[in-house]
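Comments concern the structure below.
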Amino acid sequence: MSTVVVPRFGELLSPFISRVPAVAMPRFLALLERGAANRYRMWAAELPEHHAVLMACADSEDEIAHRIEQAFALDESLRDELLAPLPEATQTYYDAFAPYDIWDQLRIQANAERQGANAWRGIAANHGDPDVVAVLHSCSALEELSADALDALIATHAPTH
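So the sequence shown is numbered by my numbering: it starts at -12 and just counts up by one.
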């Protein structure tokens, strides 16, 4: 069995996240969630027998993005700064999976979901609005549901190594 190196996605993506004004950072993370949703759609196409599970995870990523976009208003004057690092950040995220087969990619993604849950909790811990904190915690819960769904899916797959 190959050794899977799970990146610390916060560190991996920090060069791009740091280019975004702090006030817009949750919105940038929401855009990254949409990128993850697209990745799930690619996996669903590669594993049609697991389409329903992977598409449910994609829907969760889109729902997280939607909730964050609703909770964090975007100052339109920051839109260009928000979008500028997105293509490189998305490519860096995708590149982290490239060396691995699809099942190892899903293992990495399950871990990434848990990292995302912790990131939302970290933002919540430093936010003063209880309504926004509740949204952030609901996003953490969605991340963990996807991680659990991936773990269950992976458990059904006998390694071919």
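Think of the CB as a built atom: it goes at the ideal place given N, C-alpha and C, for glycine as much as any other residue.
Computed from a prediction, not measured in an experiment: that's the story for all the values here.
About 6 Å separates the beta carbons of ARG94 and VAL(-9), which is inside the 8 Å limit, making them a contact pair.
Counting only the Cα atoms, ASN98 lies some 32 Å from ASP62. Three or more pairs of CB atoms, one per stretch, sit closer than 8 Å, so the stretch 17 to 33 contacts the stretch 75 to 92. Here PHE84 carries a helix assignment [DSSP, helix/strand/coil].
DSSP assignment within the stretch 90 to 132 yields no whole beta strand (DSSP E) run of 3 residues or more. Here VAL7 carries a coil assignment [DSSP, helix/strand/coil]. ASP118 counts as exposed, since fewer than 16 other C-beta atoms from the protein chains shown sit within 10 angstroms of its C-beta.
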